[in-house]
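*Asks:* Right, I'll just put the structure down here and ask away after.
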Amino acid sequence: MHDDFEACYRAIASRDDRFDGRFFTAVTSTGIYCRPVCPARTPKRANVRFYASAAAAEAAGFRACLRCRPHLAPGSLQPGGGERVADRALRLIASGAADGGAGVATVARSLQVSQRHLHRVLSEAVGAGPLTLARTRRLQTARTLIEQTPMPITDVAYSAGYSSLRQFNSEVLAGTSGTPTELRRGGTTGHDGDGAIVLRLGVRPPFDGQALLRFFAARAVTGVEVSSATALTRSLWLAHGAAVVELQPQPTHLVARLWLDDVRDLGCAVDRCRRLFDVDADPESISDVLCADPLLAPLVAAQRGLRVPGGADAEEIAIRAVLGQQVSVARGSALASRLSARLGRQLPRSRHGVDRLFPTAGSIAPADLGFLGLTSERAATLLRLCEAVARGDLDLGAGGDADQLTGRLLSIRGIGRWTAAYIAMRGLRHPDAFPTGDLGLRRAFAAVGGGDSAALTVRAERWRPWRAYAAIHLWNSSAHPTPASTSASLETSP
C-alpha cells in the first residue's frame, strides 16, 4: 500500500486506525517517521514519504516519533501471506534468530540461501535488508521495555538482543535522538508485585479475543494452560529456561504478563505471545479476499476479527495433533494432559494453575506410552514423529517452509493430510493452510449451501492466500465450531 501516495495521504489525514502498522510516514522536514494514527499535525504533501515498514524508514535515515511511538504499532502478517523466502525470514527475525554472534548468517543458513539473496528478497518485500530489520526489532523491543517496565537498563539491553551496552546506547540514541534514561522519563512503567513483566502488545482491530479464549479453553492441557473468560495462562519452553505468560485480550491490544527464568528470553516470549493470539494479522486485507465470495461474506460480517489460534510452538502442536486424531476434542485434551502429567517438567511454583511444561519430543521419543491407552498404531505414529524431531530430521522451527514440512510429515506413517495441514495452520501459522478433509469443515460448508467435499476443494481456491481464516469462519459458523471428532479418520497414510 505504501506506493499509493494518495491513499496513504488520505489515511494519515483521517488518522484511520485500520491502517496502523500497514505503512509508515516519514517527514523530510523533521527527519522523523510516524504511524498513520499519529496525533501530530498532518505534514505537507511535499515533505512526506511513505515506507512499507519501520525498518525501511530507518534505513532511509529517519528516526522514530516519540509521540506516536512506532514500536507500539500492530505488526503485519508477512507480505503476501505465503511461504516465500521473505515471509519465512521475517518469522525468523521476529523470533530473534538474527540476534547474537552469527546474526544474519544464521537466518540465511536456516533458509538455505546466501546472505546476498536474503538481502535482495527482503529489500524487495519490505524495503529493508535483514541487518536493518534485526536492528529495528531490537530497538523496538528496547523501547517497549524502557517505557513500559521498571527493568534495569542493563537488563533491557540484553533482553532486547544487544551484545553490549555500548551497542545498545549507540543504537537507541541514533534511532530516537534520546538516551535510554530520557526515554524512560517519558514512559509509564508496568509491573506488579508478583515479579511479572507487564506489556501491552498492539493489535489491529477488529479483534475477537473472546473466540480465541473459548478455543483454548476447549483444548486446555491440565497444568500447562488455563483459559478463562478473560485470560489465557500457560507455560513456555524458551532458549534459556521456562516462562509462564498470562494474556488478556482487549479490543485494541493484548495485555501480557510474563514470568521468565531468564530475561534474555523476553523477546522470544513476546513473539510467542503474538503468535498465540495471531495479533499481527491484517483483518481488513483478509476480509477483502474472503468477502469477495458471497458464500463467505455473511460469515465474515457476522464474526468480525476472528483470528487463527496459534500454538506455543510447532513441536507441541504436532504432538497434540497426533493425539487428537480420530477422537473428540475433549478426549484429545485429556490425552495431552495425561502425557504432560507423566513426562512434562514440573515448574518450581504454580501460577494460576499452571505448574508444568508440555513435554518435548526428545522426552517422549524414548518413553513407553502404554500409560496413555492409545492404540498401538497411534502410539507408534507419535513415537515416529517425536523420533524424527529429536533426530533433527523434521524441522519445526519458525522459518520452516510449510510445503516442505507437509511433504516430510506425510512421509511419516500414520500422518495424513489433515494432520499435516493442521500443524501448518496452527504450528507454522501458514495463513493458507487448509484441512480440506476435515469433517466439521465439510459439514459447515454444506450447511451454508456450499455443496459436497469436491465443491469445497474447488471453492477454497477463491480464498487464497487466506484459506486458514476461511476455515476458522466456517468452523465458528456451524453447529461444530471446532474440528470434528472424526476429522482425521479421513486420512490416508503412506
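In UniProt numbering, the protein residues as written are 1 to 494. For glycine and all other residues, C-beta sits at the position ideal for the given N, C-alpha and C. Here the structure is a predicted model, which is why all the values come from computation and not from measurement.
Among Phe216, Val245, Pro205, which one has its Cα closest to the Cα of Gly305?
*Replies:* As a working mapping, residue 305 is identified with position 305 in the sequence shown. Comparing Cα positions, the closest option is Pro205.
*Asks:* Give me, in chain order, the residues of the same chain whose beta-carbon lies closer than 7 Å to that of Gly80; leave out the 5 immediate sequence neighbours on both sides.
*Replies:* By 1-based counting over the sequence shown, the position of residue 80 is 80. In this prediction, Gly80 has a pLDDT of 47, which is less than 50 and means its spatial position is unreliable; what the coordinates show is noted afterwards. Cβ neighbours of Gly80 beyond the five flanking positions: Asp87, Pro465.
*Asks:* What does DSSP give as the partner residues of Tyr33 in its beta bridges?
*Replies:* Residue 33 sits at position 33 when you count from the first residue of the sequence shown. Answer is Ala26, Ala64, bridged to Tyr33.
*Asks:* CB-CB under 6 Å to Gly82, same chain, minus the five flanking residues each way: which ones, in chain order?
*Replies:* In the sequence shown, residue 82 corresponds to position 82, counting from 1. Annotation note: pLDDT 49 at Gly82 (below 50); position unreliable, coordinate value reported separately. Contacts found: Pro465.
*Asks:* Using beta-carbon positions only, say whether Leu266 and Ser95 come within less than 8 Å of one another.
*Replies:* The residue labelled residue 266 in the question sits at position 266 within the sequence shown. The residue labelled residue 95 in the question sits at position 95 within the sequence shown. For Leu266 and Ser95, no; Cβs fall outside 8 Å.
*Asks:* Would you say Leu254 and Leu201 are within 8 Å of each other, going by their C-beta atoms?
*Replies:* Counting from 1 along the sequence shown, the entry for residue 254 is found at position 254. Counting from 1 along the sequence shown, the entry for residue 201 is found at position 201. Closer than 8 Å, so yes.
*Asks:* Just the C-alpha distance for Pro70 and Gly397, rounded to the nearest angstrom, thanks.
*Replies:* The residue you call residue 70 lines up with position 70 of the sequence shown. The residue you call residue 397 lines up with position 397 of the sequence shown. Their Cα atoms are separated by approximately 28 Å.
*Asks:* In the DSSP output, what is Gly241 paired with across the bridge?
*Replies:* Residue numbering aside, residue 241 sits at position 241 when the sequence shown is read from its first letter. Answer is Leu238, bridged to Gly241.
*Asks:* Should Val107 go down as buried or exposed, given a rule of 16 or more other Cβ atoms within 10 Å for buried?
*Replies:* One-based indexing of the sequence shown puts residue 107 at position 107. Buried.
*Asks:* Please identify the residue among Arg18, Phe5, Ser14 whose C-alpha is closest to the C-alpha of Pro251.
*Replies:* On the sequence shown, residue 251 is found 251 positions in, with the first residue counted as 1. Out of Arg18, Phe5, Ser14, Arg18 has the C-alpha closest to the C-alpha of Pro251.
*Asks:* Between which two residues does the alpha helix (DSSP H) harbouring Phe215 extend?
*Replies:* Taking the first residue of the sequence shown as 1, we reach residue 215 at position 215. First-last of the alpha helix (DSSP H) with Phe215: 209–218.
*Asks:* Quick check on the burial criterion: 16 or more other C-beta atoms within 10 angstroms. Buried or exposed for Asp20?
*Replies:* The sequence position of residue 20 within the sequence shown is 20, counting from 1. The residue in question, Asp20, is buried, as its Cβ has 16 or more Cβ neighbours within 10 Å.
*Asks:* Let me check you understand the geometry: is the CB of Arg426 closer than 7 Å to at least one non-hydrogen atom of the ligand SAM?
*Replies:* What this structure holds is no ligand at all, so the ligand SAM is not there to describe.
*Asks:* Which residues bound the alpha helix (DSSP H) around Arg69?
*Replies:* In the sequence shown, residue 69 corresponds to position 69, counting from 1. Taken as a continuous stretch (DSSP letters only), Arg69 belongs to no alpha helix (DSSP H), as it is neither H nor E.
*Asks:* Opposite Arg351 in the DSSP bridges: which residues?
*Replies:* Locating residue 351 in the sequence shown gives position 351, counting from the first residue. Paired residue(s): Val354.
*Asks:* Asp293 to Val300, Cα distance in whole Å?
*Replies:* Within the sequence shown, residue 293 is the residue found at index 293, counting from 1. Within the sequence shown, residue 300 is the residue found at index 300, counting from 1. Approximately 10 Å, taken between the alpha carbons.
*Asks:* When the Cα of Gln248 is compared with those of Asp208, Val221, Val329, Ala57, which residue comes out closest?
*Replies:* Numbered from 1 along the sequence shown, position 248 holds the residue referred to as residue 248. Taking only the C-alpha atoms, the option nearest Gln248 is Asp208.
*Asks:* Here's the rule I'm using: 16 or more other beta-carbon atoms within 10 Å means buried, otherwise exposed. How should Gln78 be labelled?
*Replies:* As a first step, residue 78 must be located in the sequence shown, where it is residue number 78. In this predicted model, Gln78 has a pLDDT of only 45, less than 50, meaning its place in the structure is not dependable; the value taken from the coordinates is given anyway. Per the 10 Å Cβ criterion, buried.
*Asks:* Could you name each continuous alpha helix (DSSP H) segment of 4 residues or more that falls completely within the stretch 266–322, going from the start of the chain to the end?
*Replies:* Qualifying alpha helix (DSSP H) stretches, in chain order: 266–276, 283–290, 297–302.
*Asks:* Buried or exposed: Ala468, going by 16 or more other Cβ atoms within 10 Å of its Cβ?
*Replies:* For the purposes of this step, residue 468 is taken as the residue at position 468 of the sequence shown. With 16 or more other Cβ atoms within 10 Å, it is buried.
*Asks:* Measure the C-alpha to C-alpha separation of Ala46 and Cys68 and round it to an integer number of angstroms.
*Replies:* As a first step, residue 46 is located in the sequence shown; it is residue number 46 there, counting from the start. As a first step, residue 68 is located in the sequence shown; it is residue number 68 there, counting from the start. The alpha-carbon atoms of Ala46 and Cys68 are separated by roughly 21 Å.
*Asks:* Can you confirm whether the stretch 429–441 touches the stretch 321–339 when touching is taken to mean that 3 or more C-beta pairs between the two stretches lie within less than 8 Å?
*Replies:* In short, these stretches do not touch, since the Cβ pair count stays below three.
*Asks:* Three-state secondary structure (DSSP) at His253?
*Replies:* Position 253 of the sequence shown holds residue 253. Correct three-state label for His253: strand.
*Asks:* Pull up the distance between the alpha-carbon of Ser493 and that of Glu171, whole angstroms please.
*Replies:* The residue given as residue 493 occupies position 493 in the sequence shown. The residue given as residue 171 occupies position 171 in the sequence shown. Any reading at Ser493 must be qualified, since the residue scores a pLDDT of 33, below 50, and its modelled position is unreliable; no value is offered.
*Asks:* So, for Arg143: in the same chain, excluding its five sequence neighbours on each side, which residues have a beta-carbon less than 6 Å away from its beta-carbon?
*Replies:* Counted from its first residue, the sequence shown places residue 143 at position 143. Answer for Arg143: His71, listed in chain order.
*Asks:* Does the stretch 314–330 come close enough to the stretch 419–430 that 3 or more CB-CB pairs lie under 8 Å?
*Replies:* Yes: the two stretches touch, three or more of their Cβ pairs being nearer than 8 Å.
*Asks:* By Cβ distance below 6 Å, which residues in the same chain neighbour Val263 in space, the five residues on each side in sequence not counted?
*Replies:* On the sequence shown, residue 263 is found 263 positions in, with the first residue counted as 1. For Val263, where only same-chain residues beyond five positions count, the Cβ hits under 6 Å are Asp155, Ser159.
*Asks:* Exposed or buried, Gln140, counting other C-beta atoms within 10 Å across all chains shown (16 or more means buried)?
*Replies:* Within the sequence shown, the letter at position 140 stands for residue 140. Burial call: buried.
*Asks:* Between the alpha carbons of Ala7 and Cys38, how many angstroms are there, rounded?
*Replies:* Here the question's residue 7 lines up with position 7 in the sequence shown. Here the question's residue 38 lines up with position 38 in the sequence shown. Computed Cα separation, rounded: 16 Å.
*Asks:* Determine the burial state of Thr375: buried for a count of at least 16 other Cβ atoms within 10 Å of its Cβ, exposed for fewer.
*Replies:* The residue given as residue 375 occupies position 375 in the sequence shown. The residue in question, Thr375, is exposed, as its Cβ has fewer than 16 Cβ neighbours within 10 Å.
*Asks:* Let me check understanding here. Comparing Cα to Cα, which of Val448, Thr149, Leu232, Leu212 lies closest to residue 521?
*Replies:* Lying before the first or after the last residue shown, residue 521 is absent from the chain, which here runs from 1 to 494.
*Asks:* Just how far apart, CA to CA, sit Arg345 and Cys268?
*Replies:* If you number the sequence shown from 1, residue 345 lands on position 345. If you number the sequence shown from 1, residue 268 lands on position 268. Distance between the alpha carbons of Arg345 and Cys268: 20 Å.
*Asks:* In the DSSP assignment, find the alpha helix (DSSP H) that holds Glu377 and state where it starts and stops.
*Replies:* To locate residue 377, count along the sequence shown from 1; it is residue 377. First-last of the alpha helix (DSSP H) with Glu377: 376–391.
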